[in-house]
Amino acid sequence: MMKLFSAADAVADIPEGATLSVGGFGVCGIPQVLLAALSTRTVGGFEAVSNNAGLDGRGLGLLLETRQLRRIVASYVGENKEFARQYLEGELEVELTPQGTLAERMRAGGSGIGAFYTPTGVDTPVADGGMVWKYGPNGSEDPAEGAVISPAKETRMIAGRTQVLEHAITADVALVRAEVADTAGNLRFHETARNFNPLAAMSGRLCIVEAETVVPVGDLAPDDIHLPGIYVHRIVELTAQQAADKIIEKETVR
Numbered sequence: 235m236m237k238l239f240s241a242a243d244a245v246a247d248i249p250e251g252a253t254l255s256v257g258g259f260g261v262c263g264i265p266q267v268l269l270a271a272l273s274t275r276t277v278g279g280f281e282a283v284s285n286n287a288g289l290d291g292r293g294l295g296l297l298l299e300t301r302q303l304r305r306i307v308a309s310y311v312g313e314n315k316e317f318a319r320q321y322l323e324g325e326l327e328v329e330l331t332p333q334g335t336l337a338e339r340m341r342a343g344g345s346g347i348g349a350f351y352t353p354t355g356v357d358t359p360v361a362d363g364g365m366v367w368k369y370g371p372n373g374s375e376d377p378a379e380g381a382v383i384s385p386a387k388e389t390r391m392i393a394g395r396t397q398v399l400e401h402a403i404t405a406d407v408a409l410v411r412a413e414v415a416d417t418a419g420n421l422r423f424h425e426t427a428r429n430f431n432p433l434a435a436m437s438g439r440l441c442i443v444e445a446e447t448v449v450p451v452g453d454l455a456p457d458d459i460h461l462p463g464i465y466v467h468r469i470v471e472l473t474a475q476q477a478a479d480k481i482i483e484k485e486t487v488r
């Protein structure tokens, strides 16, 4: 089955207020072309689930600049100044989640598991609640003034340890990047781009992939496939220039 689309067509029907699971780690393996195409549309109010919020002008930073995000679920957001500004000024709701927990929440969503228990976050605000998800006017932390505070989560004793209940994440649309896709949607990821992209892809009811290379079915050996095509609905084949457009998040020189 051919699943090839242009980037604009692939994201053209993403609706207002959709939840997006977005692959990548830092600026490694992010679906830059799909996010750029989405940033040109007039819809917004999206909730994004991603390890991080991109950089200014890169990754999810594009949707922050166009004010298309209302909420982000992430584990790390420290590289984006516009993100920090929107959060601290009460324009953006942010749910910080431990990195491994976030990964498992997406995997669970794609596997049909509703929730799971983990010791990660016990005896911290992750489990006890009290984190500011969204500030009110003038930096207020008062819910009566519009602030949103994280609730306490259910805990129970399992195998001699207190563990906290975490709910799975199922997104309306997954946006991911692969090194190679075949025309049936079977995917192979490059090295650390495999960290979150397969999990984001699994968690989306509709999965859209941008691939650096697209090959015929049969060119990928069965053991070389990191994610089977049953999860993938649309493929965007990148140009050589788009595939090569990769940056270093932090360059350190002597």
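Under my numbering, residues 235 to 488 are what the sequence shown spells out, in order. Note that beta-carbon positions come from the ideal geometry of N, C-alpha and C, so glycine has one too. Small disclaimer: the values here were computed from a predicted structure and weren't measured.
Closest residue to residue i among the options (Cα-Cα distance)
i, options, result
"L269", "V277, D247 and G293", "G293"
"L409", "D457, A445, Q320 and T417", "A445"
"I481", "V414, D453 and G291", "G291"
"T447", "T473, N431 and Y310", "T473"
"A361", "L336, P371, G373 and E388", "E388"
"R319", "E299, P332, Q333 and L336", "E299"
"A427", "L461, D457, L440 and R439", "L461"
"G334", "V487, F259, A381 and T486", "F259"
"K484", "G380, G288, P332 and D457", "G288"
"G295", "I442, V256, S437 and Y369", "V256"
"S345", "L433, R275 and W367", "L433"
"V414", "G438, A455 and G279", "A455"
"S284", "E375, L322, D376 and G263", "G263"
"E425", "M340, I459 and K237", "I459"
"V277", "A246, T486, T331 and N286", "A246"
Paired residues, beta bridge with residue i - DSSP
i, result
"D416", "V449"
"T253", "E281"
"G438", "A405"
"G351", "The residue you asked about is not Gly; residue 351 is Tyr in the sequence shown. Looking at the DSSP assignment, Y351 forms a beta bridge with L399."
"Y310", "N286"
"I469", "L238 and V443"
"E327", "R305"
"M391", "T396"
"I481", "None, per the DSSP bridge assignment."
"I383", "V366"
"F259", "C262"
Same chain, Cβ closer than 8 angstroms to residue i, five either side skipped, listed in chain order
i, result
"K315", "D290"
"I464", "G419"
"I392", "Y351"
"P353", "R395, T396, Q397 and V398"
"V451", "D416, T417, A418 and N420"
"P359", "M365 and S384"
"P249", "V277 and D406"
Residues near residue i in its chain [Cβ-Cβ closer than 7 angstroms; skip 5 each side]
i, result
"G364", "I383 and S384"
"N429", "F259"
"V267", "A241, E444, V470, L472 and Q476"
"D376", "G370"
C-beta contact flag for residue i and residue j at 9 angstroms
i, j, result
"R518", "E329", "Nothing in the structure corresponds to residue 518, since the chain is present only between 235 and 488."
"V407", "L254", "yes"
"L336", "V311", "no"
"L324", "A282", "In the sequence as presented, Leu is not what sits at residue 324; that position holds Gly. The answer is no: Cβ separation not under 9 angstroms."
"A241", "V470", "yes"
"W367", "E327", "yes"
"A402", "S437", "yes"
Contact test: residue i Cβ vs the ligand MN heavy atom, cutoff 8 angstroms
i, result
"Y321", "The ligand MN is not part of the structure shown, which contains no ligands of any sort."
Anticipated Cβ contact below 8 angstroms, residue i with residue j, distance rounded
i, j, result
"G355", "T404", "Not a contact, Cβ separation roughly 21 angstroms."
"V443", "A478", "The pair is not a contact, with the Cβ atoms about 18 angstroms apart (cut-off 8 angstroms)."
Residues near residue i in its chain [Cβ-Cβ closer than 6 angstroms; skip 5 each side]
i, result
"A435", "A408, V410, C441, L461 and Y465"
"R341", "L433"
"R468", "K237, F239, A244 and I442"
"G251", "G279"
"S374", "A381"
"L272", "V245"
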